[in-house]
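Residue numbers for the sequence shown follow this note's numbering, beginning at 184 and rising by one.
Following: one structure in structure tokens, then a few remarks.
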Amino acid sequence: MNSPESRQQGETRKGLHPAIVIFGIIIGLWIFIQAIIPKSKDIQPPQGGAPASAKAKTLLKEASTAHVPPFKVTARIPEMNAVSLLVPAQTTNTQIVALLMYLRAARLDGTLSSKIPPTTPGNELDDFAIADIYIFSDPQYAVKEAIEILAMGAHTPGEFYSSTIPYEVAMEQVRGHYIVDVNNKTRPEQATLGFGEETTGVYSKHYLPLF
């Protein structure tokens, strides 16, 4: 007949050690997470310098005959060469592309300064030698605070800007973005639907490089 002590030892051996149970739960959760969340290394963000995609080519073709939406300047940050434009809420993506093409053509023929205040007035190269032009369709975000945080970048510490609008929120509200840097000889200008930062790999849901 077994003693009480031996029976207790036997019962202890029958159960799993708590550490093994916890380890098993952790492994199970890890497998579950890996199954439902795509690995970041498998996500290939769009690159603005890459050839235009089929979707971009289609939009550019449609926009060439589309109506350019009315717009107005709503905010400026001269020291950041940044400007925000507001278009009607019902503006389509094709019309946003038409506006981006219009801004490009006006800059190249020297008439953009009659539509938008120059970002580099008096510059011998261009009145828009360096420019960040953001297009919004919601007046709540076509403000200085939004373009300030966007111009400073995704990884700028919060204490360096005064905006009360979260970067992630402002980014998703950008309908179109026209960037100029004539000092960059290989790529003096870019235009996108949505908003993206190639340097940080941060892109809005509707980001699409156009030219």
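For glycine and all other residues, C-beta sits at the position ideal for the given N, C-alpha and C.
Quick caveat, the model's predicted, so the values are computed rather than measured.
- Going by DSSP, residue 238 is part of the alpha helix (DSSP H) stretching over 237-246.
- Here residue 373 is bridged, per DSSP, to 362.
- Two segments are said to touch when three or more pairs of C-beta atoms, one from each, lie closer than 8 Å; by this definition the stretch 244-251 does not touch the stretch 287-300.
- Residue 353: member of the alpha helix (DSSP H) spanning 350-356, first to last residue.
- Remark: C-beta atoms of residue 266 and residue 259 approach each other more closely than 7 Å.
- A Cβ-Cβ contact shorter than 7 Å links residue 359 with residue 283.
- Listed as beta-bridge partners of residue 260 by DSSP are 265.
- Comparing alpha-carbon positions, the option among 332, 354 and 318 lying closest to residue 285 turns out to be 318.
- Under the three-state reduction of DSSP output, residue 288 falls in the helix class.
- Between the stretch 377-392 and the stretch 348-362 there are three or more C-beta pairs closer than 8 Å, enough to call the two in contact.
- With a cutoff of 7 Å on beta-carbon distance, residue 334 and residue 257 are scored as not near each other.
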